[in-house]
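So the structure is just underneath, and the comments pick up after that.
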Amino acid sequence: MTCKIKIRASLPKKWLLAGMGLLWSVAAMAQAKPGNGQHIAVLARPAKDSIMLRWAPVSATLWKLANQHGYVIKRFTILRDGKLLPKPEDTVLTKQPLKPLPLAAWEQVVKQHEKYGSIVAQALYGEEFELTTEGGQKDVMAVYHRAQEQESRHGFTLFATDQSFPVAKAAALGYVDKSAKANEKYLYQVFVAPNNAVRSDTGFVFTGAADYQPVPAPHDLEAANMHKSVLLSWNHTSFRSIFNAYWIERSDDGGQTFARLNDEPVLNTGNEGDTAEQQRFFRIDTTIALDKKYIYRIRGITPFGEVSPPSDTAQVAVTPITNARPSIKEAVVMNNKQVVIQWEMPDHTRLKAFEIERAAAATKPYAKISTQPLRENDTVFTDISPLPSNYYRIKAIMDDGQTHYSLARFVQMEDSIPPAPPTGLAGMISDSGVVSLSWKPNTERDLYAYRVFRANAPDAEFVQVTKEPISEAKFVDTVEVKTLTRHVYYKLVALDGHYNPSGFSEMLTVKRPDVVPPVPPQFTDVSAATGGITLQWQPSTSKDVASYNLERAADTAWLTLQSFSVKETVRQYADTAARPGVSYRYRIVAVDESGLRGQSQEVTASAINMSGNVAKPVVKASIDRDNKTIVLKWGAGREVAKSWLYRAEEGKPYRLYKTLPGNTAAFTDDELLINTQYRYKLKIFDQNNNNAMSEEVRVNY
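Numbered by the numbering used here, the letters in the sequence shown go through residues 10 to 710 in order.
Written out as structure tokens, the structure reads:
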């Protein structure tokens, strides 16, 4: 055996790619430390009577130095009989550093394992590492490998040792620990023998004979007829850490015997980030005959040279693909009740049957309407129950299961009869204004959709709220709830396939949720006498008021003096329980049907004390045209503590306009509108809250 070894010219190109990419299983299955290229990846495989080890230096530099200095393998016994040892027991398994076999010894290795042994021998000892493609012609790959010869030697060594465990042992990249015991578990350490040239990280792996598992069978094999070939595929990602290559096997005799299809294993070249499509291997078998059934299976190969049990089989019948398609010649409407369809098929070879399919619209699914089998000689079919709108197509079924469809043919029936108005319209509205409507679906066969209309009054024009016709018997609408309109009204219209509209459904009335409190009532007069305090008010203008509550407070606590139903026309109340000299606050509250409250402004009054008497004030009014004001004047005695000025516009009730200090004897009103009559009253109070009201003063401004 000479030192100058050349790889033979018939080396498959996929091997060149595998070597260039350094796609070896051991390194890929170990987790290299980030940022450190001097790392050894280790893999273990427990057997029934031993433990096999495989390792790989992940850089060409470390591999070259390790070949010179050798590898050291240490074993630490961690567990025995399932118990952790107080101190691990360490054993050096390699009495001398493990190095590749010398050149002379490789002759025997190549004889037994020619394919992969010659690759590693060439990488280790060859003067040249020149790669050529089939036919002996050099390509760009050869230029690349000459530029990076050391990387190529390293990569091909890892590739070849992945395919043959005996070759891996000869290359000092594999070892069998035959001294391992079944009741112990070990931590194996692999490192380059100490030297001054390089420092490397140690590779570790933890295992024991009890971890032995039989090699699993691959799965998920699929086979598909591809006209004159068979496409095979399987998912390789789930076995990436187990198999580094695959054998493909085929049976031509119904599964009685199987033979390998590939001269070389199919390499497992997947990556962690593969897409769903990249996670499948695809291989094409062209060595087939038509009209014959084939059965396929695969076997996985581990980095230790173990071949897995066969996968489940995948069967396929190879038949030629028929390109002929049926075509509809004509579709004729008969008496607006039936549709007669006629078609033709250019090639009846391998035809098994026809089926007629129909859809209600181009975007809707097709359904089979032919109930009886239609044979190859059938060319006419009658649809006795057509839809208003029909899309027909012919489905040709071949004897191998292939299907071919004709182009669709559209047929429309005449229709002038609209559907019946929808019934059963019901709905409810949420506090946020979401209206949920539902109704009973129409039963017409040609029903197409519905439209929804809405109005804010029963006699108002109904406006469509569905932007597009809706096919379901339900609809969700949104309305404003903060409005004085208490109800919202809905109607429906049904449409058939020709857009013939039905009449309106019966109107649905939906009550809006009450979130707006009623308009507050207003006090129009408060007067005190020796018998108590009399209050008068103007009721709320809201229509949903259910009752009124008259409330009084002498301090912070409010008490209800009286509740009045809205049906009662009570507009005043005499508080005879008021004690003289006590200042009371009053308010009138309108409560609507939802319990919302509209509360008036508070007024203050005290019952008259008999020990004192307040003279009724006399108010005089004049108009100041220059300043656009009305001037009110009256006499103010010393006993006056405060004054209330009431004002009312023509046709409106009095309201408390201003509260004035007791020493005030005049007031100028500048909040005026021209051509308006104003009425004024003045109520004065003494220190004991006794009061007196003036006569009304009218001013036409």
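C-beta atoms are modelled at their ideal positions from N, C-alpha and C, and glycine is treated no differently. Here the structure is a predicted model, which means the values were calculated and not measured.
Check, Outcome
"Who are the near neighbours of lysine 690 in its chain, counting only those whose CB is closer than 7 Å to its CB and skipping five residues on each side?", "Tyr655, Tyr663, Met702, Ser703, Glu705"
"Unbroken alpha helix (DSSP H) runs of length 4 or more, entirely within the stretch 491 to 575: which are they?", "none"
"Does DSSP put lysine 346 in a helix, a strand or coil?", "coil"
"Can the beta-carbon of valine 554 be found less than 9 Å from the beta-carbon of proline 527?", "yes"
"Please list the segments of the beta strand (DSSP E) lying wholly inside the stretch 48 to 101, counting only runs of 3 or more residues, in order along the chain.", "49 to 55, 60 to 66, 80 to 89, 92 to 101"
"Tell me the rounded alpha-carbon separation between aspartate 601 and serine 556.", "7 Å"
"Expressed to the nearest angstrom, what Euclidean distance is found between the alpha-carbon atoms of aspartate 321 and arginine 306?", "6 Å"
"Contact between the stretch 46 to 58 and the stretch 197 to 205: three or more CB pairs below 8 Å?", "yes"
"With distance defined between alpha-carbon atoms, name the residue in Lys120, Gln117, Gln121, Leu112 nearest to alanine 132.", "Leu112"
"Quick one: grab the DSSP three-state call for lysine 237.", "coil"
"Do leucine 456 and glycine 506 come within 9 Å of each other at the CB atom, strictly closer than that value?", "yes"
"Label lysine 301 either buried or exposed according to how many other C-beta atoms from any shown protein chain fall within 10 Å of its C-beta, with 16 as the threshold for buried.", "exposed"
"Count the other C-beta atoms from every protein chain shown that fall within 10 angstroms of the C-beta of lysine 194, then say buried if there are 16 or more, exposed otherwise.", "buried"
"For phenylalanine 168, which option in Ile597, Lys178, Gln121, Ile128 has the closest C-alpha, if you only look at C-alpha atoms?", "Ile128"
"Terminal residues of the continuous beta strand (DSSP E) containing threonine 613?", "612 to 614"
"Tell me, to the nearest whole angstrom, how far the beta carbon of proline 55 is from that of aspartate 220; I am working on the premise that it is less than 8 Å.", "5 Å"
"Whose C-alpha, out of Arg596, Ser592, Lys361, Val185, is nearest the C-alpha of alanine 563?", "Ser592"
"Run the CB neighbour count on methionine 343, radius 10 Å, all protein chains shown included, and call it buried at 16 or more, exposed below.", "exposed"
"When the distance is taken between beta carbons, is serine 439 closer than 9 Å to phenylalanine 484?", "no"
"How would you write the range of the beta strand (DSSP E) that alanine 179 sits in, first residue to last?", "Note, alanine 179: premise wrong, no beta strand (DSSP E); alpha helix (DSSP H) at 174 to 179."
"Residue range of the alpha helix (DSSP H) that serine 317 falls in?", "Run containing serine 317: none; DSSP gives neither H nor E here."
"Using DSSP with H/G/I as helix, E/B as strand and the rest coil, what is threonine 475?", "coil"
"Around the Cβ of arginine 308, are there at least 16 other Cβ atoms within 10 angstroms (buried) or fewer (exposed)?", "buried"
"Is the beta carbon of phenylalanine 363 closer than 9 Å to that of alanine 417?", "no"
"May I have the straight-line CA-CA distance separating leucine 570 from lysine 651, to the nearest angstrom?", "26 Å"
"Determine the DSSP secondary structure at tryptophan 643, reduced to helix, strand or coil.", "coil"
"By a C-beta neighbour count over all protein chains shown, 10 Å radius and 16 as the cutoff for buried, is aspartate 392 buried or exposed?", "buried"
"According to DSSP, simplified to helix, strand and coil, what is threonine 638?", "strand"
"Tell me, which residues are paired with proline 670 by DSSP?", "Lys651"
"My understanding is that valine 119 touches leucine 110, with C-beta atoms under 8 Å, so please give their C-beta distance in whole angstroms.", "Going by Cβ atoms, the distance from valine 119 to leucine 110 rounds to 11 Å, so no, they are not a contact pair."
"Give a yes or no on contact between the stretch 373 to 383 and the stretch 423 to 435, applying the rule of three or more CB pairs nearer than 8 Å.", "no"
"Buried or exposed: which applies to phenylalanine 419, given that a residue is buried once 16 or more other Cβ atoms fall within 10 Å of its Cβ?", "exposed"
"Touch check for the stretch 631 to 640 and the stretch 575 to 592: three-plus C-beta pairs under 8 Å?", "no"
"State the Cα-Cα distance for the pair leucine 434 and lysine 520, rounded to the nearest angstrom.", "15 Å"
"Does the beta-carbon of glutamine 351 have 16 or more other beta-carbons within 10 angstroms, so that it is buried, or is it exposed?", "exposed"
"Is it true that the CB of glycine 644 sits closer than 9 Å to the CB of alanine 674?", "yes"
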